[in-house]
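Have a look at the structure below, then the notes.
Numbering (my numbering), first residue to last: 6 to 182.
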């Protein structure tokens, strides 16, 4: 690894060193928050998709049934992946698997995500709300708090997915009939 590709700006003797560190951390936090947001959206879509299995009211399944269910799950996932995060959030309220989700936290996540995506830099940078290092530092603290909320939501979703991702089914072997 060429450390110079990453640390070329790291010069404690530079009079703007602190400003550079704080601003780079701010942008890093924003990027990481969007990474976590993508994971939350992905996991929501996966969980809502596998609920397609619950719509099949059978006690035993053939290979054809299993393939049909897989196709429905994949189709549902593709449909859900096209939705905005806000629309995806609305689907959660009807979810059997996500009945224990903290819906207020999810709404907060969607609202703050929309703020970051659509207004944050206009509000914070163009209107110069982040004029001092202390202003940027306070915003980094806000982003860190949001990251913590996102991480907890994602951990919850991973647990739900783990619990629901596989199902025991009675499979009929068509060849033996």
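Note that CB positions come from ideal geometry on N, CA and C, so glycine has one too.
Model, not experiment: these values are computed from the prediction.
- Between the C-alpha atoms of residue 68 and residue 94 there is a straight-line separation of about 33 Å.
- Within a 10 Å sphere around the beta-carbon of residue 117 sit 16 or more other beta-carbons, which makes this residue buried.
- Sequence-distant Cβ neighbours of residue 50 in its own chain, meaning closer than 7 Å and more than five residues away, are 82, 85, 86, 93.
- Here DSSP, grouped into helix, strand and coil, assigns residue 175 to strand.
- In the structure shown, residue 98 falls within a coil segment according to DSSP collapsed to helix, strand and coil.
- Membership of residue 31 in the alpha helix (DSSP H) is indicated by the continuous run 22–55.
- Beta-bridge annotation (DSSP): residue 66 is paired with 176.
- In this structure, the straight-line span from the alpha carbon of residue 102 to that of residue 115 is close to 20 Å.
- Within the model, the alpha-carbon separation for residue 137 versus residue 17 is close to 19 Å.
- The count of Cβ pairs closer than 8 Å, one atom from the stretch 166–180 and one from the stretch 52–60, reaches three, so the stretches are in contact.
- Of 122, 146, 90, 174, the smallest CA-CA separation from residue 48 is found for 90.
- When the Cα atoms are used, residue 27 and residue 155 turn out to be separated by approximately 22 Å.
- Following the DSSP letters along the chain, one finds residue 118 inside the alpha helix (DSSP H) bounded by residues 108–123.
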